[in-house]
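Counting with my numbering, you get residues 219 to 515 for the letters of the sequence shown. We treat Cβ as the ideally placed atom computed from N, Cα and C, and that holds for glycine. The model shown is predicted, which means the values in this text are computed figures rather than measured ones. So the structure is just underneath, and the comments pick up after that.
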Amino acid sequence: KAAVLAFLRDLPCRKIGGIGRVLEMKLSDALNVRTCGDLIDNLPECYCVLGKSAAMGFLHEVALGCGECGGPTDDGEEDDERVIRRKGLGNERTFRPVRGVAALTEKLVRIAGLVSERLVKHDMRAAKWTLKLKTTDFRISTRDTQTKKTGKDKYVRSVKAIVRLLKPLLLEAIGEAEAAGTPLEIRLMGVRSSDFEGQYVPLARGQTTLKDVKMKAASPPRPQPAKPPAPASPVSPGAAAATASAGIDGADVDPATLSELPPAVRADIERQLALWRKSRRSAPARRPPPKKPRTLD
Numbered sequence: 219k220a221a222v223l224a225f226l227r228d229l230p231c232r233k234i235g236g237i238g239r240v241l242e243m244k245l246s247d248a249l250n251v252r253t254c255g256d257l258i259d260n261l262p263e264c265y266c267v268l269g270k271s272a273a274m275g276f277l278h279e280v281a282l283g284c285g286e287c288g289g290p291t292d293d294g295e296e297d298d299e300r301v302i303r304r305k306g307l308g309n310e311r312t313f314r315p316v317r318g319v320a321a322l323t324e325k326l327v328r329i330a331g332l333v334s335e336r337l338v339k340h341d342m343r344a345a346k347w348t349l350k351l352k353t354t355d356f357r358i359s360t361r362d363t364q365t366k367k368t369g370k371d372k373y374v375r376s377v378k379a380i381v382r383l384l385k386p387l388l389l390e391a392i393g394e395a396e397a398a399g400t401p402l403e404i405r406l407m408g409v410r411s412s413d414f415e416g417q418y419v420p421l422a423r424g425q426t427t428l429k430d431v432k433m434k435a436a437s438p439p440r441p442q443p444a445k446p447p448a449p450a451s452p453v454s455p456g457a458a459a460a461t462a463s464a465g466i467d468g469a470d471v472d473p474a475t476l477s478e479l480p481p482a483v484r485a486d487i488e489r490q491l492a493l494w495r496k497s498r499r500s501a502p503a504r505r506p507p508p509k510k511p512r513t514l515d
């Protein structure tokens, strides 16, 4: 058991059979889960989001290294509120290159019959239908349609109804190919059904999904208000110019240290000291504020 958990610790979730690109993106964006080790560490958060669902049971088994291949199952009793019906059901066949409306329609009827048998077996009806075509130069195209009826009448599963919906798509593809000057020659045809009756089971009270969970982006740092500059003390123009050119405070200069400096450096400092003394002489002396006369109450 320890060896299995150690192997799963750094294994990406995408490597597990049954976790596809979409589920991997949802786990990464909503729960920050990228490896099986992250899944073990975040199991409580997963339970809060998924609840007691088939997907949560599958992820729990994956985290512990005892899951089965194939992903979460869609089988279940009809009265179970946690049943997740399959998203699509279809069939496709590869054959020798076929062209012409009659021959392609015959292939469509045959494949539609296979899909209809599977729908009857599972007691399912679908409202959305997709036709898949692959030409002899391996170009694949898909076209989909759905019934225009509303309510339960929009769900069909009979061969006649399937062909009635998909044959206009086949004729449209044949017409486009002939207009381009290249007759449509098909080597693969597929029929797929989706949007099943009763597919969207209402969630239990308080249950949420991964779509309801959104990671909040980190808020940028709040800008600090700029401090106003300190008011400058009033200085005469001559003193300001002399101070700017001096750049030295004579009170901080030690004469003993100055005498030990090299001649060139000492001469430069003495020049700045002369400017500093000149600025001191040119600066007007501050007069004390006049005293207020005392009055007798």
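Quick test of your reading: residue i and residue j, contact by CB under 8 Å. State the CB separation rounded to the nearest angstrom.
i	j	result
Y373	E415	4 Å
V377	V319	Between V319 and V377 the Cβ distance is about 18 Å, and since that is not below 8 Å, they are no contact.
A391	S359	7 Å
C264	M274	6 Å
Taking the alpha carbon of residue i as the point to measure from, which residue in the options has its own alpha carbon closest?
i	options	result
T363	R239, D355, R382	R382
R405	L384, K496, V316	V316
L332	A320, T360, T354, I380	I380
A161	L351, L337, K352	Outside the displayed span of the chain (219 to 515) sits residue 161, for which this structure offers no information.
A224	C264, G283, G369, L479	G283
K350	A330, G369, E335	A330
K325	L493, A273, L388	L388
L307	P481, D470, V409	V409
F494	A398, A469, A482	Per the sequence shown, the amino acid found at residue 494 is Trp instead of Phe. Among A398, A469, A482, the Cα nearest to that of W494 belongs to A469.
L402	A221, S477, D355	D355
T323	A273, I487, L384, E396	L384
A220	A397, L491, E396, A281	A281
A395	V483, Q490, T353	T353
P386	T348, D371, G369, A397	T348
List the DSSP bridge partners of residue i.
i	result
T353	I404
K244	Note: K244 sits in no beta bridge, so no partner.
F414	A344
G306	S412
R361	L349
T312	L406
R317	E403
V374	A344
P230	T253
Within 10 angstroms of its Cβ, does residue i collect 16 or more other Cβ (buried), or is it exposed?
i	result
I237	buried
T400	exposed
R175	The structure shown does not extend to residue 175, since the chain is modelled only from 219 to 515, so the question has no answer here.
R357	exposed
C254	buried
F276	buried
R375	buried
L226	buried
S497	buried
V240	exposed
L479	exposed
T461	Reliability of the predicted coordinates at T461 is poor, the pLDDT of 43 falling under 50, and the value obtained from them is presented with this limitation in mind. Buried is the call here.
T475	exposed
S477	exposed
V251	buried
Quick one: does residue i have its CB under 9 Å from some CB of chain B?
i	result
P481	Included in the structure is just one protein chain, with no chain B present.
Problem - Contact between the region 219-233 and the region 241-251 (3+ Cβ pairs under 8 Å) - result: Judged by Cβ distances under 8 Å, the region 219-233 makes contact with the region 241-251, as three or more pairs qualify.
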